[in-house]
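Asker:
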Amino acid sequence: LIIISMEIKDLSPKQLWQHFAELNAVPRASKKEERVIAFMMNFGKSLGLETTKDAIGNVVIKKPATPGMENRQTVILQSHLDMVHQKNSDTDFDFDTQGIDMYVDNDWVKARGTTLGADNGIGVAAIMSVLAATDIAHPAIEAMFTIDEETGMTGAKQLDPGNFTGKILLNLDTEEEDELTIGCAGGIDTNTKGTYKEVPADKNAVALLVSIKGLLGGHSGMDIHKGRANANKLMNRLLYKAAQQVNIQLGSIDGGSLRNAIPRESQAVVTIPAGDKETFTRFIHQFTTTVKEEYQTIEPGLVLECKETTLPAQVMEPAYLEQLLRAIYAAPNGVFRMSPDIAGLVEASSNLARVQVKDGVFITQSLQRSSVESTKNDVANAVSAAFSIIGCEVTQGSDYPGWKPNADSAVLRLLLALYKDHFTHTPNVGACHAGLECGILGAHLGNPDMISFGPTIRGAHSPDEKVLISSVAKFYDYLLHILREIPAK
391 LIIISMEIKD LSPKQLWQHF AELNAVPRAS KKEERVIAFM MNFGKSLGLE
441 TTKDAIGNVV IKKPATPGME NRQTVILQSH LDMVHQKNSD TDFDFDTQGI
491 DMYVDNDWVK ARGTTLGADN GIGVAAIMSV LAATDIAHPA IEAMFTIDEE
541 TGMTGAKQLD PGNFTGKILL NLDTEEEDEL TIGCAGGIDT NTKGTYKEVP
591 ADKNAVALLV SIKGLLGGHS GMDIHKGRAN ANKLMNRLLY KAAQQVNIQL
641 GSIDGGSLRN AIPRESQAVV TIPAGDKETF TRFIHQFTTT VKEEYQTIEP
691 GLVLECKETT LPAQVMEPAY LEQLLRAIYA APNGVFRMSP DIAGLVEASS
741 NLARVQVKDG VFITQSLQRS SVESTKNDVA NAVSAAFSII GCEVTQGSDY
791 PGWKPNADSA VLRLLLALYK DHFTHTPNVG ACHAGLECGI LGAHLGNPDM
841 ISFGPTIRGA HSPDEKVLIS SVAKFYDYLL HILREIPAK
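Sequential numbering of the sequence shown, starting at 391, is according to my numbering.
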């Protein structure tokens with residue numbers, strides 16, 4: 391584990407940043423939360439608080455009300471323990487053994503070449519600070535730390551509701567300091583698998599490694615409307631156009647990684663006749679010029695490289711290559727529909743997160759999101775159709791519901807008044823296109839009054855992730871102000 395930088399520990403509010411630094415020293419990938427679960431269990435027990443773990447692994451820590459606050463309503467504070475593990479291809483880092491290497495850059499905290507874990511580590515650290523504090527007023531607290539939010543919301547889905555009595559839930563997992571979120575999108579995974587016949591590569595051909603990298607990537611919900619390039623779709627476009635000019639054969643594709651991250655990188659091994667090398671080089675130059683012009687204001691770091699590599703023994707059967715490229719081209723990606731009811735809100739989208747072609751097997755992984763169940767199913771069906779038409783096996787799962795906004799929420803009215811009183815301006819209120827756990831948790835807990843808020847985070851789910859230091863102080867101050875003003879039972 392790394393030595394935690396003192397510049398992080400000395401930020402304000404000091405106790406929150408201290409907890410965040412200690413949390414970020416613990417590897418906590420989705421579905422690999424054993425160490426962070428143990429960390430949280432030890433934390434709660436060290437404070438002498440009632441600390442339990444349910445069957446799936448969610449940690450619950452309960453803290454009694456401070457003197458004079460016993461008649462106030464119990465509040466559930468909720469954040470998730472897992473984080474997205476992504477790194478740049480040139481970053482030497484082992485998420486299974488190393489803690490996040492953080493540093494301060496002006497008013498931002500960043501990580502060196504990896505995701506930071508501010509999503510949702512700042513929320514976790516804020517709750518830890520409340521639990522550990524001896525000098526703040528608050529009602530009874532039921533702290534809920536869920537697992538596996540990022541890869542299927544397993545913790546929320548299998549939550550034991552018997553551990554909770556609170557009827558107010560504050561989810562600390564959104565990414566704009568001046569927003570109160572009262573609704574979110576649901577989601578569904580669509581994964582495909584196909585097999586193809588391999589044929590021997592032409593021994594007189596030239597093998598080339600084509601790489602796309604340097605894209606921004608980002609959160610496939612919060613950033614999907616920003617028009618960022620999808621490395622998988624861009625690689626497919628390149629191969630589709632190249633096949634119209636030279637006789638290419640495909641050895642492999644390896645693009646993207648996590649289902650909820652816009653893919654930043656893709657590489658493919660192709661072969662071309664030796665006599666077509668100049669034509670292919672000219673095509674790559676022209677293609678690079680075209681896409682850089684298209685994305686010059688959005689993707690300034692876009693890099694497209696092509697270099698000779700070892701000739702693969704086998705390549706994809708040409709007839710299947712044509713079908714595959716057409717199917718990927720046809721698969722919806724990006725914004726599918728904007729909400730007709732909430733200005734600026736993406737209603738439905740799809741993210742083609744993973745494409746892999748290797749050893750006779752072709753797979754894709756994608757995530758569809760929507761705040762409306764019917765359009766979520768519609769875009770998922772569109773993705774399914776694109777691949778089933780070429781004979782792929784399609785499986786859909788990890789389906790989770792959205793969270794329907796309640797504009798008449800008593801907690802919303804309270805938080806709006808407190809925000810305006812405390813910060814002298816009114817926050818934005820709305821829904822987000824990300825998948826929060828609130829829809830699932832609400833169903834388990836008898837539909838408590840729920841609000842989500844958090845500090846300003848940029849680049850979540852990518853190595854560009856960063857959190858605004860000043861917004862963390864504002865967010866935590868606001869949380870403490872809310873806890874002091876929770877109404878009576």
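Just so it is clear, CB atoms sit at the ideal spot from N, CA and C, and this is done for glycine as well.
Applying the criterion that 16 or more other CB atoms from any shown protein chain within 10 Å of the CB defines a buried residue, is lysine 452 buried or exposed?
Answerer: Walking along the sequence shown from the start, residue 452 turns up at place 62. Burial call: buried.
Asker: DSSP three-state label for valine 862, please.
Answerer: As a working mapping, residue 862 is identified with position 472 in the sequence shown. Three-state result, valine 862: helix.
Asker: How would you call aspartate 613, buried or exposed, if buried means at least 16 neighbouring beta carbons within 10 angstroms?
Answerer: The sequence position of residue 613 within the sequence shown is 223, counting from 1. Buried, because 16 or more other Cβ atoms sit within 10 Å of the Cβ of aspartate 613.
Asker: Please classify tyrosine 493: is it buried, with 16 or more other beta-carbons within 10 angstroms of its beta-carbon, or exposed?
Answerer: Numbered from its first residue, the sequence shown carries residue 493 at position 103. Its Cβ having fewer than 16 others within 10 Å, tyrosine 493 is exposed.
Asker: Name the one or two DSSP bridge partners that glutamine 639 has.
Answerer: Counting from 1 along the sequence shown, the entry for residue 639 is found at position 249. Note: glutamine 639 sits in a beta bridge opposite Thr661.
Asker: What is the C-beta distance between leucine 701 and alanine 632, in whole angstroms, given that I count them as a contact (C-beta under 8 Å)?
Answerer: Numbered from its first residue, the sequence shown carries residue 701 at position 311. Numbered from its first residue, the sequence shown carries residue 632 at position 242. About 18 Å; that fails the 8 Å criterion.
Asker: Is the beta carbon of leucine 714 less than 9 Å from the beta carbon of isoleucine 780?
Answerer: Numbered from 1 along the sequence shown, position 324 holds the residue referred to as residue 714. Numbered from 1 along the sequence shown, position 390 holds the residue referred to as residue 780. Yes, they are a contact pair.
Asker: Within 10 angstroms of the Cβ of glutamine 758, are there 16 or more other Cβ atoms? Answer buried if so, exposed if not.
Answerer: Numbered from 1 along the sequence shown, position 368 holds the residue referred to as residue 758. It counts as buried.
Asker: Given that a residue counts as buried once 16 or more other Cβ atoms are within 10 Å of its Cβ, and exposed if not, what is leucine 391?
Answerer: Within the sequence shown, residue 391 is the residue found at index 1, counting from 1. Confidence in leucine 391 is poor, its pLDDT being 43 and thus under 50, which makes the residue's placement too unreliable to answer from.
Asker: In this structure, what does DSSP give as the bridge partners for aspartate 495?
Answerer: Mapped onto the sequence shown, residue 495 falls at position 105. DSSP output for aspartate 495 lists Trp498 as bridge partner(s).
Asker: Cutting at 7 Å between CB atoms, please list the residues of its own chain near leucine 742, excluding the five before and the five after it.
Answerer: Taking the first residue of the sequence shown as 1, we reach residue 742 at position 352. Contacts found: Asn620, Asn622, Lys623, Ala721, Asn723, Thr754 and Ser756.
Asker: Can you tell me where the alpha helix (DSSP H) holding leucine 401 begins and where it ends?
Answerer: Against the sequence shown, residue 401 aligns to sequence position 11. Note, leucine 401: premise wrong, no alpha helix (DSSP H); not H, not E.
Asker: Would you call glycine 750 buried or exposed, if buried means 16 or more other Cβ atoms sit within 10 Å of its Cβ?
Answerer: On the sequence shown, residue 750 is found 360 positions in, with the first residue counted as 1. Answer is exposed; the Cβ neighbour count stays below 16.
Asker: Please list, in chain order, all residues of the same chain as proline 454 whose beta carbon is under 7 Å from its beta carbon, the five residues on each side excluded.
Answerer: Here the question's residue 454 lines up with position 64 in the sequence shown. Taken in chain order, the residues that qualify are Ala530.
Asker: Give the range of the alpha helix (DSSP H) segment to which arginine 777 is assigned.
Answerer: As a working note, residue 777 is residue 387 in the sequence shown. Residue 777 is actually phenylalanine in this sequence, not arginine. Phenylalanine 777 -> alpha helix (DSSP H) spans 763–778.
Asker: Check leucine 562 in the structure and name its three-state DSSP category.
Answerer: Position 172 of the sequence shown, counted from the start, is the residue given in the question as residue 562. In the structure shown, leucine 562 sits in coil (DSSP, three-state: anything other than H, G, I, E or B).
Asker: If you drop the 5 nearest sequence neighbours on each side, which residues of the same chain put their C-beta closer than 8 Å to that of valine 465?
Answerer: In the sequence shown, counting from the first residue as 1, residue 465 sits at position 75. Correct list, in chain order: His528, Pro529, Ala530, Ile531, Glu532, Gly556, Ile558, Leu559, Leu560, Leu873 and Ile876.
Asker: Just how far apart, CA to CA, sit serine 760 and glycine 829?
Answerer: Along the sequence shown, one-based indexing puts residue 760 at 370. Along the sequence shown, one-based indexing puts residue 829 at 439. Going by the C-alpha atoms only, they are around 13 Å apart.
Asker: If I measure Cβ to Cβ from alanine 863 and keep anything under 8 Å in the same chain, skipping five residues before and after, which residues do I get?
Answerer: Mapped onto the sequence shown, residue 863 falls at position 473. The answer, listed in chain order, is Ser402 and Pro403.
Asker: Hey, how far is the Cα of valine 747 from the Cα of glutamate 712?
Answerer: On the sequence shown, residue 747 is found 357 positions in, with the first residue counted as 1. On the sequence shown, residue 712 is found 322 positions in, with the first residue counted as 1. C-alpha separation (whole angstroms): 14 Å.
Asker: What's the C-alpha gap between proline 881 and tryptophan 498?
Answerer: The chain is shown only over 391 to 879; residue 881 falls outside these bounds and no answer can be derived.
Asker: Can you give the beta carbon distance from alanine 703 to proline 551, rounded, assuming they're within the 8 Å contact cut?
Answerer: For this step, residue 703 is matched to residue 313 along the sequence shown. For this step, residue 551 is matched to residue 161 along the sequence shown. About 55 Å; that fails the 8 Å criterion.
Asker: Cα-Cα, which of Phe485, Ala772, Thr505 and Ala733 is closest to arginine 848?
Answerer: Walking along the sequence shown from the start, residue 848 turns up at place 458. Of the candidates Phe485, Ala772, Thr505 and Ala733, the one whose C-alpha sits nearest the C-alpha of arginine 848 is Thr505.
Asker: Do you know whose CA, among Met625, Glu460 and His615, lies nearest glycine 734's CA?
Answerer: For this step, residue 734 is matched to residue 344 along the sequence shown. For glycine 734, the nearest C-alpha among the options comes from His615.
Asker: Would you say the stretch 509–516 touches the stretch 848–860, given that touching needs at least three Cβ pairs under 8 Å?
Answerer: Flag = yes, the stretch 509–516 and the stretch 848–860 touch.
Asker: Whole-angstrom Cβ separation of serine 881 and threonine 564, contact assumed at under 8 Å?
Answerer: Shown here, the chain extends from 391 to 879; a query on residue 881 therefore has no answer.
Asker: Consult DSSP for glutamate 655 and reduce its assignment to one of helix, strand or coil.
Answerer: Stepping through the sequence shown from its first residue, residue 655 is reached at position 265. Looking at glutamate 655 - three-state DSSP - the assignment turns out to be coil, as it is neither helix nor strand.
Asker: Please name the residue or residues paired with methionine 473 in a DSSP beta bridge.
Answerer: As a first step, residue 473 is located in the sequence shown; it is residue number 83 there, counting from the start. Partner(s): Ala419.
Asker: Which first and last residues belong to the beta strand (DSSP E) in which proline 590 is found?
Answerer: On the sequence shown, position 200 is the one that residue 590 refers to. Its beta strand (DSSP E) spans residues 588–590.
Asker: Assuming histidine 709 is part of the alpha helix (DSSP H), what are its boundary residues?
Answerer: As a working note, residue 709 is residue 319 in the sequence shown. Per the sequence shown, the amino acid found at residue 709 is alanine instead of histidine. Taken as a continuous stretch (DSSP letters only), the alpha helix (DSSP H) holding alanine 709 covers 708–720.
Asker: Alpha helix (DSSP H) containing glutamine 676: first to last residue?
Answerer: Sequence index remark: in the sequence shown, residue 676 carries index 286 (1-based). 667–684 is the span of the alpha helix (DSSP H), which, as asked, contains glutamine 676.
Asker: If we call anything under 9 Å between Cβ atoms a contact, is glycine 577 one with serine 788?
Answerer: For the purposes of this step, residue 577 is identified with residue 187 of the sequence shown, where counting begins at 1. For the purposes of this step, residue 788 is identified with residue 398 of the sequence shown, where counting begins at 1. Yes.
Asker: Hey, serine 519 and glutamine 405 are a contact pair by Cβ (cut 8 Å); roughly how many whole angstroms apart?
Answerer: Position 129 of the sequence shown, counting from 1, holds the residue named residue 519. Position 15 of the sequence shown, counting from 1, holds the residue named residue 405. With 8 Å as the limit, serine 519 and glutamine 405 qualify as a contact, their Cβ atoms being about 5 Å apart.
Asker: With DSSP as the reference, please indicate the residues paired to tryptophan 793 in a beta bridge.
Answerer: For the purposes of this step, residue 793 is taken as the residue at position 403 of the sequence shown. Paired residues: Cys574.
Asker: Closest to glutamate 423 by CA distance: which of Leu606, Thr785, Ser647 and Asp472 is it?
Answerer: As a working note, residue 423 is residue 33 in the sequence shown. It is Asp472 whose Cα lies nearest to the Cα of glutamate 423.
Asker: Would DSSP call histidine 834 helix, strand or coil?
Answerer: Here residue 834 refers to the residue found at position 444 when the sequence shown is read from its first residue. Histidine 834: helix per DSSP, three-state reduction.
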